[in-house]
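Undergrad: Here it is: the structure, laid out below.
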Amino acid sequence: MDMQAFAVAMAEALDGIWTVEPGHHGHRDRYLIGPDGEELHVCYSDWEKTPRLRLSASLPAKLATIRHRHGNPVPSHDITVSPAKTPETVAAETARRLLPRYRVTLAETRELKQRLDDQAAARDRLAHAIAGPLGATVHTPGPSPLGHDPQEVIVRYQGLLAGTATVPRNGGRVAFAFSVAPGDAARVAAFLATFPRTVDWDQDH
15 MDMQAFAVAM AEALDGIWTV EPGHHGHRDR YLIGPDGEEL HVCYSDWEKT PRLRLSASLP
75 AKLATIRHRH GNPVPSHDIT VSPAKTPETV AAETARRLLP RYRVTLAETR ELKQRLDDQA
135 AARDRLAHAI AGPLGATVHT PGPSPLGHDP QEVIVRYQGL LAGTATVPRN GGRVAFAFSV
195 APGDAARVAA FLATFPRTVD WDQDH
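In short: position in the sequence shown from 1, add 14, done, that's our numbering.
As structure tokens, then:
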């Protein structure tokens, strides 16, 4: 079976502009990349009693990582068809049986990524805003651990007012923890007293 020619014909029969890329099993498989970033794997299998074409759709690598980190299992999106069918027929079955459910998963995961990106961007803007006036250092975290939204950012202050500000990942309150020399404590306390009593703050000294 000429998988390259089959995949090219399938790509032409699917809606939109699809491209064909090499697979991982030589002449047996190809990837079809869709107009919205869809990844469709077409693989010919004759290891079983009856040869079959297996078509499976997967998330792009970055989206799959995000989905995995947040504990959202990716549903299986695959079908099998007879390799005797024409590429046009297989494309039609793929569009009817496989792509609609897969595109729902793709859209859901992109929405998750956008939410996390927005949270991280808002967190970072706030961190730099509260670091700037005193020349503090912003420590941006690495990738979030499994099951968590973007991590907290720590702003570190040095000098007479030494301590940290912890900027939450999801728009919650910023926690300040600082220490000052005894001679400056009364002045700092007087400054803090100008804030409404509902404001939370943590003072070491």
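The beta carbon of each residue, even a glycine, is placed where N, CA and C say it ideally should be.
With a cut-off of 8 Å, do at least 3 Cβ pairs link the region 114–127 to the region 136–152?
TA: Touching, no, given that fewer than three Cβ pairs across the two stretches are closer than 8 Å.
Undergrad: According to DSSP, simplified to helix, strand and coil, what is Phe205?
TA: Helix.
Undergrad: Let me check one thing: in DSSP terms, what residues is Pro36 bridge-paired to?
TA: BP columns for Pro36 point to Arg44.
Undergrad: Can you grab the Cα-Cα spacing for the pair Met15 / Leu140, in whole Å?
TA: Looking at the two C-alpha atoms, the distance is approximately 58 Å.
Undergrad: According to the neighbour-count rule (16 or more other Cβ atoms, all chains shown, within 10 Å of its Cβ), is Trp32 buried or exposed?
TA: With 16 or more other Cβ atoms within 10 Å, it is buried.
Undergrad: Could you check where the beta strand (DSSP E) with Ala4 kicks off and where it finishes?
TA: Within the shown structure, residues of the chain are numbered from 15 to 219, placing residue 4 beyond reach of any answer.
Undergrad: Taking 8 Å as the cut-off, does the region 18–31 touch the region 70–83 (at least 3 CB pairs, one atom from each stretch)?
TA: With the cut-off at 8 Å, the region 70–83 and the region 18–31 do not touch.
Undergrad: In whole angstroms, give me the CA-to-CA distance for Phe205 and Gly173.
TA: Distance between the alpha carbons of Phe205 and Gly173 is about 18 Å.
Undergrad: If we count the other Cβ atoms within 10 Å of its Cβ and call it buried at 16 or more, is Val213 buried or exposed?
TA: The predicted model places Val213 with a pLDDT of 47, which falls under 50 and marks its position as unreliable, so this point remains unresolved.
Undergrad: Could you give the uninterrupted runs of the beta strand (DSSP E) lying entirely in the region 76–127, keeping only those of 3 residues or more?
TA: As far as the region 76–127 is concerned, its whole beta strand (DSSP E) runs of at least 3 residues are 92–95.
Undergrad: Would Arg115 pass as a contact of Ile93 if the rule is Cβ separation under 8 Å?
TA: No. Outside cutoff.
Undergrad: Over the uninterrupted beta strand (DSSP E) stretch that includes Arg170, give me the two end residues.
TA: 167–171 is the span of the beta strand (DSSP E), which, as asked, contains Arg170.
Undergrad: Output yes or no for whether 8 Å exceeds the beta carbon distance between Val202 and Val194.
TA: Result yes, Cβ atoms of Val202 and Val194 sit closer than 8 Å.
Undergrad: If you run the structure through DSSP and keep just helix, strand and coil, what is Leu174?
TA: Leu174 falls in the coil class under three-state DSSP.
Undergrad: So, helix, strand or coil for Arg139, using DSSP?
TA: Correct three-state label for Arg139: helix.
Undergrad: Could you check whether Met24 and Tyr58 sit closer than 8 Å to each other, using their CB atoms as the reference points?
TA: For Tyr58 and Met24, no; Cβs fall outside 8 Å.
Undergrad: Roughly how many angstroms lie between the CA atoms of Asp132 and Gly186, to the nearest whole one?
TA: When rounded, the distance between both Cα atoms is 14 Å.
Undergrad: Give me the DSSP bridge partner(s) of Thr180.
TA: Answer is Ile168, Ala189, bridged to Thr180.
Undergrad: Could you check what DSSP says for Leu148 in three-state terms: helix, strand or coil?
TA: Three-state DSSP puts Leu148 in a helix.
Undergrad: For Pro164 versus Leu130, is the C-beta spacing smaller than 8 Å?
TA: The answer is yes: Cβ separation under 8 Å.
Undergrad: Which residues bound the beta strand (DSSP E) around Glu53?
TA: Where Glu53 is concerned, the enclosing beta strand (DSSP E) stretches over 53–59.
Undergrad: Taking the beta strand (DSSP E) that Ala71 falls in, what are its first and last residues?
TA: It spans 66–72 - the beta strand (DSSP E) in which Ala71 sits, taken as one unbroken run.
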